[in-house]
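Asks:
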Amino acid sequence: MGVVSAIGNSVAENWDALIRNKSGVSTARFVDSKHIDNFLFGEVNLSNDELKGLLGLVADSNYARTTLLALLAVNEAILSAQISTAEIDAIIMGCTVSSMCETRKLYENAQGIDNKSMLYDRYDIGSVAMEISEVIGHIPFHNTINTACSSSANAIMQGVMMIKSGKATKILVGGADALSKYTINGFNSMMLLSEGRCTPFSDDKHGINLGEGAGFLILEGEENMSLDKTPLAEIIGFGNANDSYHATSTSPEAIGPIKAMHTAINYAGIAPSQIDYINAHGTGTENNDETELKAIQHIFKPVPLFSSTKPYTGHTLGAAGSIEAIFSVLMMLNNVAIGNQINENNPTENLTSIEINRILSNSFGFGGNCTSLLFQKIRTGN
Amino acid sequence: MKFYLNHSSCISPQQSFEGIFPREVNLNQTAHHILAIEPDYKPFLPLNLLRRMGKISRMGLTTGLKVIQDSQIEFDAIISGSAYGSNEESFKFLDQIYKYDEGPMTPTNFTQSTTNVVSAQLGLMTKNYCYNSTNSQKAHSFENSLLEGMLLLENNISKHILVGAVDEISQYTFNLFGLLDWVRTDNVTPEKAIQQKGKGFVPGEGSAFFHLSSERECHESVCIELLKTYVGPYQLQIKEDLRQLEYEPDLILSPLNGDTDNDNTVNELLAHFEDVPQIHFKKYFGDSPTVSALSIWLGQQLLNPENTHFEGINWVKPLRSILIFNKFETGQSSLIVLSKS
């Protein structure tokens, strides 16, 4: 696993921030937008030049921030899985912004103005996967899913299906998105941005903190794993459904979220009561949180512990599903549930030590795209 | 497991939506690109929605809805592919950002600009709560969508899949292609371009949707015998795979587009099949990253015997299998074999 987000540039840094209750949501420094004065964002604490330095790329290399963030997480994932790049037979990722984070360059190029950006064929969504393959070594299959905020959860799901069908053995799955003037103004035009830190599921919800980052995981089929390797977790269920209610808001009946969670639980063949924790989508908007809560209450009786990690990272859009999948695995490995109420006066309030054997991770997006992933702890001694 | 394409629908620079078979390209459409012939959308799309819809939504939704209508089946997965999504809407929103210096603006262009708009709207308009996905991987956006559908069938997650692809030529895509020096600027039709090689291709646009399943569902059903995608330095692998095809196809749909380099590569790769007749499908559709969806629609038409009188080629026997080779400037290639078996 590899992750970069507003709370750190590695899995260890992210976990450390989560258990210390340190949020990365604050005033943005790098993204080019007037709105950094009005709203708080979950910006990765590295400039593009610093990212290039960490990646060993020359300063004038032409990759946009989304790709730089992705590469940092990809490198960590490959290193920690102890595999070589040559063994990876597919990359499947979620992305919604791609090189559009270079918004001004795109605006000029789209009008035919040659600003020497050299990104002319790099603004489309599929470019990041191609660039990752370019940098780390040739990967024979690339795919990118754009189902808005559930993109990288769907990428993980598609990776699992590829492995189950025998079409690949080791897959790099994940997602990446950088903050951009485009998305900031998009969410602002819908009046969804928050001036303070988002507070999912609280009485005082006031919107989203847009964030950025990347999360990547190596998926391997059990049959193909070497015996001396212990996997971090098992994916035992997944569900994709559509809410089919409205382009940008979820239905009051929570049809899509209920169906996605149900499908994942049924696929795993377990009872809802066997799920110990739900890592919710929890964006901090009234619409999402009320619908999601309703769906959770519909399926789970009693409702297990649940929370959202978005107050720490912000909403990382196309990267959210995979970053939160990684956080889910970490919570399971450590038997620690991370709460969503950030309270700096009481930094331990957010931690709950519980035995977590199974965790459900939700990702819902514009267009009604709802996906739930179900992870299970690896039993040692088997 | 076998995979079949059943009912299908296509909007393209041809009158494909009306089922009129491609004969000749409309010569009026030679402003360095050829636009789709858009059908009367009113039977498919409510006027109030239509007015606000971008072109990829109009084309994608209508071809998708037509397949839903014709198949009379409850689909349990909706998957679409698009390399560029709604460029037109994205640019309108960008324009607002800079025009109003990030001031207050209307969200319509933003919400319409998301790549998943076609799959999402197809779900919304038909109140379908099933699996819903959108792939955006350059010139593999359609192939990967088809693959995703096959994965759903193989994993027993879905049985009837609505799968398709759509891309539009907006002024902005066209400008970006121009900066890359990808466009033929001598104002020729795609057909002329292929005859008189030069630099670049003639961009086109369109949408095609299919009902994919593991059973033959209608008279027009064709079987997908092979689906292979290639990225990067793929030429040796394609050569090898072509050599190893189990049988010789009766026809090849080949991706000549008039660009000298492209056409030389294609001809070299297909040299192995010099006795097999070829149709250069890009002369009907122009070139686009998801033109493979249109070419598969064409392949399906050709495999249905009532359509095999085409272009003065007299088939000595009914076509049984067609090899569709696609290749686009962004570096992706694919091989697809369709059969009537």
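Chains A and B, in that order, give the protein sequences.
All residue numbers for the first sequence refer to numbering that gives the first Met the number 0, where the first residue is 0 and numbers rise by one.
All residue numbers for the second sequence refer to numbering that gives the first Met the number 0, where the first residue is 0 and numbers rise by one.
Even for Gly, the Cβ is constructed at its ideal location relative to N, Cα and C.
Quick caveat, the model's predicted, so the values are computed rather than measured.
#1: So is I170(A) buried or exposed if we call it buried at 16+ other beta carbons inside 10 Å?
#2: Quick one: what's M92(A) bridged to in DSSP?
#3: DSSP on Q296(A), reduced to helix/strand/coil?
#4: In chain B, which residues lie with their C-beta within 8 Å of the C-beta of A32(A)?
#5: Following the continuous alpha helix (DSSP H) through Y40(B), name the residue where it begins and the one where it ends.
#6: Which residue comes first and which comes last in the beta strand (DSSP E) that contains I78(B)?
#7: Hey, out of G317(A), M129(A), E49(A), whose CA is closest to T113(B)'s CA?
#8: Name the chain A residues whose beta carbon is nearer than 8 Å to that of G177(B)?
#9: In chain order, which beta strand (DSSP E) runs of at least 3 residues are fully inside the segment 160-188 of chain B?
#10: Bridge partners of Y276(A), per DSSP?
#11: Using 10 angstroms around the beta-carbon of Q111(B), count the other beta-carbons present and answer buried if the total reaches 16, otherwise exposed.
#12: Look at the Cβ atom of S140(B), then the Cβ atom of A82(B), and state whether they are nearer than 8 Å.
#13: For my contact list, G80(B) and S157(B) are in at a C-beta cut-off of 8 Å; report their separation, rounded to the angstrom.
#14: Taking M224(A) as the reference, give the member of N20(A), V3(A), I82(A) with the closest Cα.
#15: Does I207(A) come out as helix, strand or coil in the three-state DSSP assignment?
#16: How would you list, in chain order, the residues of chain A whose beta-carbon sits under 9 Å from the beta-carbon of F92(B)?
#17: Take every Cβ of the segment 138-153 of chain A, pair it with every Cβ of the segment 354-370 of chain A, and state whether three or more of those distances are shorter than 8 Å.
#18: In the DSSP output, what is N368(A) paired with across the bridge?
#19: K180(A) and S32(A) look like a contact to me (Cβ under 8 Å); what is the Cβ gap, rounded to whole Å?
#20: Taking buried to mean at least 16 other C-beta atoms within 10 Å of its own C-beta, is M190(A) buried or exposed?
#21: Assign G398(A) to one of three DSSP states: helix, strand, or coil.
#22: Count the CB pairs spanning the segment 55-66 of chain B and the segment 115-123 of chain B that are closer than 8 Å, and state whether there are at least three.
#23: Go ahead and label L26(B) buried or exposed: buried means 16 or more other beta carbons lie within 10 angstroms of its beta carbon, across all protein chains shown.
#24: By the three-class DSSP mapping on this structure, what secondary structure does G52(A) have?
#25: Cα separation between G330(B) and Y229(B)?
#26: Rounding to the nearest angstrom, what Cα-Cα distance links G203(B) and L302(B) in this structure?
#27: Verify whether the separation of the beta carbon atoms of P310(A) and T198(A) is less than 8 Å.
#28: Taking beta-carbon pairs under 8 Å, can you tell me which members of the segment 226-250 of chain A lie near chain B?
#29: When you check each C-beta in the segment 74-87 of chain B against every C-beta of chain A, which residues fall closer than 9 Å?
#30: According to DSSP, simplified to helix, strand and coil, what is E219(B)?
#31: What does DSSP give as the partner residue(s) for F209(B) in the beta ladder?
Replies: On the basis of the coordinates in this document:
#1: Counting Cβ neighbours within 10 Å, I170(A) comes out buried, since at least 16 surround it.
#2: T143(A), G173(A).
#3: The answer is helix: DSSP assigns Q296(A) an H, G or I state.
#4: What sits at residue 32(A) in the sequence shown is Ser, not Ala. The contacting residues are E101.
#5: For Y40(B), no alpha helix (DSSP H) run applies, since DSSP gives it neither H nor E.
#6: Per DSSP, the unbroken beta strand (DSSP E) holding I78(B) starts and ends at 76-80.
#7: Of the candidates G317(A), M129(A), E49(A), the one whose C-alpha sits nearest the C-alpha of T113(B) is G317(A).
#8: Residues of chain A passing the Cβ test: G111.
#9: List check, beta strand (DSSP E) in window: 160-166.
#10: The partner list for Y276(A) (beta bridge, DSSP) reads L304(A), I358(A).
#11: Taking a 10 Å sphere around the C-beta of Q111(B), we find 16 or more other C-beta atoms and assign the residue as buried.
#12: Contact flag set, yes.
#13: Your pair G80(B) and S157(B) does not check out as a contact, with CB atoms roughly 17 Å apart and the cut at 8 Å.
#14: Among N20(A), V3(A), I82(A), the Cα nearest to that of M224(A) is on I82(A).
#15: Three-state result, I207(A): strand.
#16: Those are Y181, N184, G185, S188, listed as they occur along chain A.
#17: Here the segment 138-153 of chain A lies against the segment 354-370 of chain A, with 3 or more beta-carbon pairs under 8 Å apart.
#18: Under DSSP, N368(A) shares a beta bridge with N241(A).
#19: Rounded to whole angstroms, the Cβ separation of K180(A) and S32(A) is 5 Å, and the two are in contact under 8 Å.
#20: The residue is exposed, with fewer than 16 neighbouring Cβ atoms inside 10 Å.
#21: Residue 398(A) cannot be examined here, being either before or after the span of chain A that is shown, 0 to 381.
#22: Yes: at least three Cβ pairs fall under 8 Å.
#23: Below a pLDDT of 50, predicted positions are generally treated as unreliable, and L26(B), at 47, falls in that range; no measurement from the model is reported.
#24: If DSSP states are grouped into helix, strand and coil, G52(A) belongs with the helices.
#25: Each residue's alpha carbon lies about 8 Å from the other.
#26: So the alpha carbons of these two residues sit roughly 24 Å apart.
#27: Cβ atoms of P310(A) and T198(A): closer than 8 Å.
#28: From the segment 226-250 of chain A, only N239, A240, N241, D242, S243, Y244, H245, A246, T247 have a Cβ closer than 8 Å to chain B.
#29: Listed by position, the residues of the segment 74-87 of chain B near chain A (Cβ gap below 9 Å) are A76, I77, S81, A82, Y83, G84, N86.
#30: In the three-state reduction of the DSSP assignment, E219(B) falls in the coil class.
#31: Answer is S7(B), V162(B).
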